[in-house]
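Peer 1: Mapping of the sequence shown onto the numbering used here: position 108 corresponds to residue 108, and the numbering continues sequentially without gaps.
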Amino acid sequence: MDQGRTEGSGRQIAMRQPAALGGSPAFPDGLAFARPFTPPLEAVTARLGASYERGMLTNGPLVGELEERMAERLGVAHVVAVASCTSGLMLSLRHLQAAGKVVLPSFTFSATAHAAHWCGLEPVFAECRPDTFQVDVDDLRRRLDDAGGVLATHVFGAPCPVEKLEALAAEHELALVFDAAHALGARRGGTSVGGFGDAEVFSLSPTKLVVGGEGGLVATNRPDVAEAVRFGRDYGNPGDYDCRFPGLNARMSELHAAVALESLAMLDEHLERRQERAAVYCKLLDDVEGISPQAVDAGDVSTYKDFTIRIEGHFPLTRDDVVAALAAEGIDTRCYFHPPVHAQQAYAHLGASSLPVTEAAAQRVISLPMFARLPLDAVEGVAEALASISEHAEQVHDRLSD
Ligand SMILES: Cc1ncc(COP(=O)(O)O)c(C=O)c1O
């Protein structure tokens, strides 16, 4: 039931009765959280044809073409395609740091820590910033004892503070790897994410901006890292079957490369579309009480792999209340990254101490629907639903507590 309209910042937000209070759902047929964009099948098969007919199913010319195109686009000396971001992180870390501790944010996807663990490295978890959700470099600095490396994530596709981390790594002679799973197409100031640190590793899994089905890309300006990842993706075998170290099977297949090359052709359009959608979300949520979008540093370009909001501590509704109220509207959401990695069962043996900022962030975040083809009026519908939930916060809270 509409209850009149109120001004957002420039755009009009319709005030309506939240579905949690008996209003009709904003999306009666449901609104998906993400919809992977698959490039046209004919284009993929046409591209794959030559490799397929020659029986070159893995690590062939399409993989080479993808690597070249990406290196050019990112402005880095080397890109090595691998089977996943996780395996790319593992191979990079293994080469850069044979043993010891690696400091990384807890507010990240589990695979960031898993990669370190599988290299025999002990993860040491650092805090995040409450507004950007990026690793807190001052906190990380205090945890560097016995560490040989730092592994930082560009959270939700927004660049993390790379300059501070590079300065810290140089000062303490640490390996520095970026988990850039979300960040293909992001820019720090005028510079593409991809060339920072010793290596940056992207993911091509289905919810990313460039998809391969599965896949990862290791970008580096260091020839030794590129060589180690090339050998390492092939068991450690440089081609003579005399393995230089125990590697993995982390090759990328030609099938995946064909999908990724077609998907890459659409990256700029997808970046633009996501930014347009993020701008509408930001504009409409600007003066909605209790809700703040992830802060992105001025001058940076986020990929908006995820568009994530934080529910403020003083707000009468908890994050879970807002998720439930959005679900009543038919809106699918995710709570990335909850639980944070240090609190997951997989890392209980480390007995990590509490990370209050990270825990508060994990308790308060909601990632909203975001994908390139998300209709703009659906973005407006989600923002309107949030505005009306916020407007009726006390009543929604009472209803959900019944
Ligand atoms: C931050 C982050 N790192 C690593 C990964 C793992 O990527 P992949 O599935 O390509 O191994 C993901 C997956 O979504 C991720 O979100």
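Don't be surprised by glycine CBs; every beta carbon is placed ideally from N, CA and C.
#1: In angstroms, rounded to a whole number, what distance separates the CA positions of Ser-390 and Thr-333?
#2: Could you give the DSSP three-state label for Thr-358: helix, strand or coil?
#3: So does Gly-216 have its beta carbon nearer than 7 Å to some heavy atom of ligand 1?
#4: With burial defined as no fewer than 16 other Cβ atoms inside 10 Å of the residue's Cβ, what is the status of Ser-192: buried or exposed?
#5: Hey, does Cys-335 have any beta-carbon neighbour from chain D nearer than 8 Å?
#6: Find the nearest neighbour of Pro-123 within the set Gly-157, Thr-112, Val-382 and Arg-16, judged by alpha-carbon distance.
#7: Along the chain, where does the alpha helix (DSSP H) containing His-95 start, and where does it finish?
#8: According to DSSP, is Thr-36 part of a helix, a strand, or is it coil?
#9: Going by other Cβ atoms of all chains shown within 10 Å of its Cβ, with 16 needed for buried, is Asp-321 buried or exposed?
#10: What residues match up with Ile-309 in a beta bridge as DSSP calls it?
#11: Over what stretch of residues does the beta strand (DSSP E) that includes His-256 continue unbroken?
#12: Using 8 Å as the threshold, is the C-beta distance between Leu-209 and His-270 below it?
#13: When the Cα atoms are used, what is the spatial distance from Met-15 to Phe-371?
#14: Relative to ligand 1, is the shortest distance from any of its heavy atoms to the C-beta of His-342 smaller than 7 Å?
#15: Looking only at C-alpha atoms, which of Thr-38, Pro-40, Leu-62 and Tyr-304 sits nearest to Leu-48?
#16: Excluding sequence positions up to five away, which residues of its chain have a Cβ less than 8 Å from the Cβ of Val-280?
#17: Using the beta-carbon count (16 or more within 10 Å), is Glu-254 buried or exposed?
#18: Can you tell me the Cα-Cα spacing of Arg-73 and Gly-22, whole angstroms?
#19: Which first and last residues belong to the beta strand (DSSP E) in which Thr-153 is found?
#20: Threshold first: 4 residues or longer. Then list the alpha helix (DSSP H) segments lying entirely within the region 155 to 179, N to C.
#21: Give the DSSP-derived three-state secondary structure of Lys-208 in the structure shown.
#22: Going by beta carbon distance, what residues of the same chain come within less than 8 Å of Gly-247, once the five residues before and after it are set aside?
#23: Considering Cα atoms alone, identify which of Arg-364, Leu-284, Ala-360 and Leu-285 is closest to Arg-319.
#24: Please state whether the Cβ-Cβ distance between Thr-308 and Phe-156 is less than 8 Å.
#25: Could you give the distance in angstroms between the alpha-carbon of Gly-215 and the alpha-carbon of Tyr-52?
#26: Give the straight-line distance between the Cα atoms of Leu-284 and Leu-151, rounded to the nearest whole angstrom.
#27: Could you tell me the alpha carbon to alpha carbon distance between Ala-327 and Pro-36, rounded to whole angstroms?
#28: Which value, in whole angstroms, describes the spacing of the CA atoms of Ser-203 and Pro-159?
#29: Short of 8 Å in beta carbon distance, which residues of its chain neighbour Ala-393, apart from the five on each side in sequence? Order them along the chain.
#30: Enumerate in chain order the residues of its own chain whose CB-to-CB distance from Asp-402 is below 7 Å, with the five nearest sequence positions on each side excluded.
#31: Buried or exposed for Gly-75, going by 16 or more other Cβ atoms inside 10 Å?
#32: Taking 8 Å as the threshold (C-beta atoms), are Leu-261 and Leu-66 in contact?
Peer 2: Once the coordinates are examined:
#1: 17 Å
#2: helix
#3: yes
#4: buried
#5: Absent here is chain D; the protein component of the structure consists of one chain.
#6: Thr-112
#7: 85 to 96
#8: Residue identity check: residue 36 is Pro in the sequence provided, not Thr. The answer is coil: DSSP assigns Pro-36 none of H, G, I, E or B.
#9: buried
#10: Pro-293 and Ile-366
#11: Careful: His-256 lies outside any beta strand (DSSP E), inside the alpha helix (DSSP H) at 254 to 264.
#12: yes
#13: 25 Å
#14: no
#15: Leu-62
#16: Arg-11, Leu-376, Val-379, Glu-380 and Ala-383
#17: buried
#18: 51 Å
#19: 147 to 153
#20: 162 to 172
#21: coil
#22: Leu-91, Phe-231, Gly-232, Arg-233, Asp-234, Tyr-235, Gly-236 and Asn-237
#23: Arg-364
#24: yes
#25: 19 Å
#26: 35 Å
#27: 21 Å
#28: 15 Å
#29: Glu-289, Gly-290, Phe-315, Pro-316 and Leu-317
#30: none
#31: exposed
#32: yes
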